[in-house]
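Q: Residue numbers (my numbering), protein chains in the order written: chain B, 1 to 256; chain L, 1 to 256.
From the three backbone atoms N, C-alpha and C, an ideal C-beta is built for every residue, glycine too.
There are 2 protein chains.
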Amino acid sequence: MSTRPAYLTATLAKGLDVLEALSEVEETGLSELARRLGVSGPTLFRILATLAARGYVQKSAASRYRLTLKAWEIGAKTVRRIRLRDVARPFMERLAAATGETVHLSVMQGDGIVIVDKIDSPHPVRVDTFVGQRAPAYCSATGKAILAFLPSASLADILPRSYARHTAATIADRAAFERELADVRRTGWAKNREEWRDGVCAAAVPLFDSSGAVAASLSVTVPTPRFTQSALREKLVPALKKTGAALTDEFARARG
Amino acid sequence: MSTRPAYLTATLAKGLDVLEALSEVEETGLSELARRLGVSGPTLFRILATLAARGYVQKSAASRYRLTLKAWEIGAKTVRRIRLRDVARPFMERLAAATGETVHLSVMQGDGIVIVDKIDSPHPVRVDTFVGQRAPAYCSATGKAILAFLPSASLADILPRSYARHTAATIADRAAFERELADVRRTGWAKNREEWRDGVCAAAVPLFDSSGAVAASLSVTVPTPRFTQSALREKLVPALKKTGAALTDEFARARG
DNA sequence: TTGCGGCATTTCAACATTCGAAATAGGCTT
DNA sequence: AAGCCTATTTCGAATGTTGAAATGCCGCAA
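#1: Do Thr99(L) and Thr221(L) have their beta-carbon atoms positioned less than 8 angstroms apart in this structure?
#2: Note down, in chain order, each residue of its chain lying with its Cβ closer than 7 angstroms to the Cβ of Asp120(B), except the 5 sequence neighbours on either side.
#3: Suppose you measure from the CA of Gly112(L) to the CA of Val200(B); what does that come to, to the nearest Å?
#4: Tell me, please, whether the CB atom of Glu20(L) is closer than 8 angstroms to any CB atom in chain B?
#5: With 16 as the cutoff for other CB atoms within 10 Å, does Glu32(L) come out buried or exposed?
#6: Short of 8 angstroms in beta carbon distance, which residues of its chain neighbour Phe177(B), apart from the five on each side in sequence? Order them along the chain.
#7: Who does His104(B) pair with in a DSSP beta bridge?
#8: In this structure, how does DSSP classify Leu150(L) when only helix, strand and coil are distinguished?
#9: List the residues of chain L whose Cβ lies closer than 9 angstroms to the Cβ of Ala49(B), in chain order.
#10: Identify, in the order they occur along the chain, each residue of the same chain with its Cβ nearer than 7 angstroms to the Cβ of Asp198(L), setting aside the five sequence neighbours on each side.
#11: Does DSSP put Leu159(L) in a helix, a strand or coil?
#12: Is it right to say Arg46(L) is buried, meaning 16 or more other beta carbons lie within 10 angstroms of its own, or is it exposed?
#13: When the Cα atoms are used, what is the spatial distance from Pro122(L) to Ala13(L)?
#14: For Ser23(B), return the contacting residues in chain L, with the cut-off set at a CB-CB distance below 7 angstroms.
#15: Mark Thr38(L) as exposed unless 16 or more other C-beta atoms lie within 10 angstroms of its C-beta, in which case mark it buried.
#16: Are the region 85-94 of chain L and the region 186-198 of chain L in contact at 8 angstroms, needing three or more beta carbon pairs?
#17: Exposed or buried, what is Phe149(L) when buried is set at 16 or more other beta-carbons lying within 10 Å of its beta-carbon?
#18: Look at Ser140(L) and Ala202(L) and say whether their C-beta atoms are less than 8 angstroms apart.
#19: Taking 7 angstroms as the limit between beta carbons, can you name the residues of its chain near Arg36(L), skipping five residues before and five after?
#20: Got a sec: is the Cβ-Cβ distance from Phe130(L) to anything in chain B below 8 angstroms?
#21: With a threshold of 7 angstroms on Cβ separation, who are the neighbours of Ala215(L) within its own chain once the five nearest residues in sequence on each side are excluded?
#22: Look up Arg253(L) in the DSSP assignment and say whether it is helix, strand or coil.
#23: Helix, strand or coil: how does DSSP classify Tyr56(L) here?
#24: Can you pull the DSSP bridge partners for Pro136(B)?
#25: So Val18(B) is in the beta strand (DSSP E); what residue range does that whole segment cover?
#26: 8 angstroms is my cut-off, CB to CB: does Ala53(B) come that close to chain L?
#27: Which class does Val237(L) belong to by DSSP, given the choice of helix, strand or coil?
#28: Whose C-alpha, out of Ala245(L), Lys118(L), Leu147(L), is nearest the C-alpha of Arg185(L)?
#29: Using a Cβ-Cβ distance cut-off of 8 angstroms, determine whether Ala213(B) contacts chain L.
#30: Quick check on DSSP: helix, strand or coil for Gly29(L)?
#31: Where do the ends of the alpha helix (DSSP H) carrying Val184(L) lie?
#32: Given this structure, state the Cα-to-Cα distance separating Thr78(B) from Ala254(L), to the nearest angstrom.
#33: Which of the three DSSP states, helix, strand or coil, is assigned to Ala203(L)?
#34: Tell me whether the beta-carbon of Leu19(B) lies closer than 8 angstroms to the beta-carbon of Ala34(B).
#35: With Leu95(L) as the anchor, note down where its alpha helix (DSSP H) starts and where it stops.
#36: Among Ser23(B), Ala53(B), Thr28(B), which one has its Cα closest to the Cα of Tyr7(L)?
Next comes the structure, spelled out in structure tokens:
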């Protein structure tokens, strides 16, 4: 291609493509993957050989390829640097006990949020989520709780130019979203009523660091049938606000 | 260099070097990192630009670089495929309650083990570990529990050619290690008495899948003062064996 | 057993990409 | 204002990457 910026290394990008593609499947063969990525056999062969030599990929005797946990190990060292995680654990447990619902701790990453810790609801009907999962910020309670309290300078970079529709309830334009954020600022908590995935609702509060900047978000994720006005009013929102405030206090204290 | 195998892509390898180097530090500048890795400024600049464009690295206004959670997200999708993890959770909780010690679920990866889930001991004196942490297989209880039950074909690839000494107690030669594995096979559980880190002991049992192959290991990690003969005999080993057997049963059942 | 078809691997010469020296730009300190 | 350090851009040289084609390997069908 002629318009590719000259300051990017194409070979590395291709390697990352492979890593990402492999993360989507359990296992794959060389030519299948080559077809999917649109690279030639020999090229992919070399990339896979390199990734395997470095321990990112495992090659079976039958030349089937799968990811190892190497990327995860690297990431684990990164997550561990999020101090809030350790501080938050007991508060999350308290919130889980008080609500009986799945509790998430999430941070902003790029234009989405990533779940960095969770406690599962004991309820047999619960939402399937996992630590490490990403969601678009603009259609998750967690994302809104954070976005609403970001300085407008940072916000500008993050606000989606296109509000892709994921469900019937997805907020699909800028004006409506601005109104939503204003609501969050006014009430102190954010909600998501099936805006990303059908059947999945959530409520979230922001968490602040000692400088007063929003650092993360604490949320409860609930199947629609249990996400009633009365549950919110009497249980979820009070518990969230109380735990969120206590955690923000503790976090500010923990680092002086 | 002249002796580099021609079927590896050097540029990708360099990018992985950068990823790995960044995982070791909170944050770094370009030239500092270039010095450490022995690459030229412009080269590193391009690599970092590529990694940033792909979302693996974040570049601050002051041109400081740090990893994002992207690698972790990719890894999370990989870990999620380890079915045993979900099945094991309640058993781990039971074991944690029965022993009051930190419980780990670990799998083999390359020549080491990686902790894929854990429950912290409530005890104020406890060992600092984290999910995603790696340890050499030959000097961890977990590793020995798995190695002891691996088919000898796989074992040959994994057994270290050099038994690097980490502490005074590290098993440092092949013969002694073979004896150790024989012991594990005979007794059904493995121990580690400060062989990797001073002050850290552990006991572990293997977990098997429905085909009877060793799939993972369940362990308790304990500070040396609490790792007494009587604690082992009366509490740790019985609880481990009981939970391990029950979990292996359940796991076999879960997949037919 | 042979032959066919699909996949993986290796070879190799053409070529695009990456390389680093050097020049430029931007900060911060003295 | 001068000096120093780091980040970024430029650009020609050369190195690394590329894919077509050849080869090897395996399983399957005849």
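A: This is what the structure holds:
#1: Locating residue 221(L) in the second sequence gives position 221, where the first residue counts as 1. Locating residue 99(L) in the second sequence gives position 99, where the first residue counts as 1. Cβ distance not < 8 angstroms, so Thr221(L) and Thr99(L) don't count as in contact.
#2: As a first step, residue 120(B) is located in the first sequence; it is residue number 120 there, counting from the start. Around Asp120(B): Thr102, Arg126.
#3: The sequence position of residue 112(L) within the second sequence is 112, counting from 1. The sequence position of residue 200(B) within the first sequence is 200, counting from 1. Using only the alpha carbons, I get a separation of about 39 angstroms.
#4: Counting from one through the second sequence, the residue named residue 20(L) turns up at place 20. Glu20(L) counts as touching chain B.
#5: As a first step, residue 32(L) is located in the second sequence; it is residue number 32 there, counting from the start. By the neighbour-count rule (16 or more Cβ atoms within 10 Å), Glu32(L) is not buried but exposed.
#6: Along the first sequence, one-based indexing puts residue 177(B) at 177. Closer than 8 angstroms at the Cβ level, and outside the excluded window around Phe177(B), lie Tyr138, Leu159, Tyr163, Ile171.
#7: Working through the first sequence from its first residue, we reach residue 104(B) at position 104. His104(B) is bridged to Lys118(B), Ser219(B).
#8: Position 150 of the second sequence, counted from the start, is the residue given in the question as residue 150(L). Note: Leu150(L) maps to coil in three-state DSSP.
#9: Your numbering for residue 49(B) matches position 49 in the first sequence. Pro5, Tyr7, Leu8, Thr9, listed in chain order.
#10: Here residue 198(L) refers to the residue found at position 198 when the second sequence is read from its first residue. Within its own chain, the residues whose Cβ lies closer than 7 angstroms to the Cβ of Asp198(L), once the five positions on either side in sequence are excluded, are Thr167, listed in chain order.
#11: Counting from 1 along the second sequence, the entry for residue 159(L) is found at position 159. Here Leu159(L) sits in coil by DSSP.
#12: Stepping through the second sequence from its first residue, residue 46(L) is reached at position 46. The residue is buried, with at least 16 neighbouring Cβ atoms inside 10 Å.
#13: The sequence position of residue 122(L) within the second sequence is 122, counting from 1. The sequence position of residue 13(L) within the second sequence is 13, counting from 1. Rounded to whole angstroms, Pro122(L) to Ala13(L) spans 42 angstroms at the Cα level.
#14: Here residue 23(B) is taken as the residue at index 23 of the first sequence, counted from 1. Chain L residues near Ser23(B): Ile74, Lys77, Thr78.
#15: As a working mapping, residue 38(L) is identified with position 38 in the second sequence. The amino acid at residue 38(L) is misidentified as Thr; the sequence shows Gly. Label assigned to Gly38(L): exposed.
#16: no
#17: As a position in the second sequence, residue 149(L) is number 149, starting the count at 1. Buried is the call here.
#18: If you number the second sequence from 1, residue 140(L) lands on position 140. If you number the second sequence from 1, residue 202(L) lands on position 202. Yes, the Cβ-Cβ distance between Ser140(L) and Ala202(L) is below 8 angstroms.
#19: Your numbering for residue 36(L) matches position 36 in the second sequence. These residues qualify, in order along the chain: Ala21.
#20: As a working note, residue 130(L) is residue 130 in the second sequence. Taking Cβ atoms only, chain B reaches closer than 8 angstroms to Phe130(L), which makes this a yes.
#21: Translated into positions along the second sequence, residue 215(L) becomes position 215. Same-chain partners within the cutoff: Leu84, Leu207, Phe208, Asp209.
#22: Locating residue 253(L) in the second sequence gives position 253, counting from the first residue. Residue state, collapsed to three classes: helix.
#23: Working through the second sequence from its first residue, we reach residue 56(L) at position 56. It is coil, neither helix nor strand.
#24: In the first sequence, residue 136(B) corresponds to position 136, counting from 1. Paired residue(s): Gly112(B).
#25: What you label residue 18(B) is simply residue 18 of the first sequence in a count that begins at 1. No beta strand (DSSP E) holds Val18(B); the alpha helix (DSSP H) holding it covers 10-23.
#26: By one-based count along the first sequence, residue 53(B) stands at place 53. Interface residue, yes.
#27: In the second sequence, residue 237(L) corresponds to position 237, counting from 1. The answer is helix: DSSP assigns Val237(L) an H, G or I state.
#28: The count along the second sequence starts at 1 and reaches residue 185(L) at position 185. Just measuring C-alpha positions, the residue of Ala245(L), Lys118(L), Leu147(L) sitting nearest Arg185(L) is Leu147(L).
#29: In the first sequence, counting from the first residue as 1, residue 213(B) sits at position 213. By this cut-off, Ala213(B) is not an interface position.
#30: Here the question's residue 29(L) lines up with position 29 in the second sequence. In the three-state scheme derived from DSSP, where H, G and I count as helix and E and B as strand, Gly29(L) is classed as strand.
#31: Walking along the second sequence from the start, residue 184(L) turns up at place 184. Here the alpha helix (DSSP H) through Val184(L) covers 174-187.
#32: In the first sequence, the residue the question calls residue 78(B) occupies position 78. In the second sequence, the residue the question calls residue 254(L) occupies position 254. Inter-residue distance for Thr78(B) and Ala254(L) is about 33 angstroms (C-alpha atoms, whole angstroms).
#33: Here the question's residue 203(L) lines up with position 203 in the second sequence. Note: Ala203(L) maps to strand in three-state DSSP.
#34: Residue numbering aside, residue 19(B) sits at position 19 when the first sequence is read from its first letter. Residue numbering aside, residue 34(B) sits at position 34 when the first sequence is read from its first letter. Not a contact, by the Cβ cut-off of 8 angstroms.
#35: As a first step, residue 95(L) is located in the second sequence; it is residue number 95 there, counting from the start. Where Leu95(L) is concerned, the enclosing alpha helix (DSSP H) stretches over 84-99.
#36: As a first step, residue 7(L) must be located in the second sequence, where it is residue number 7. Of Ser23(B), Ala53(B), Thr28(B), the residue nearest in Cα terms is Ala53(B).
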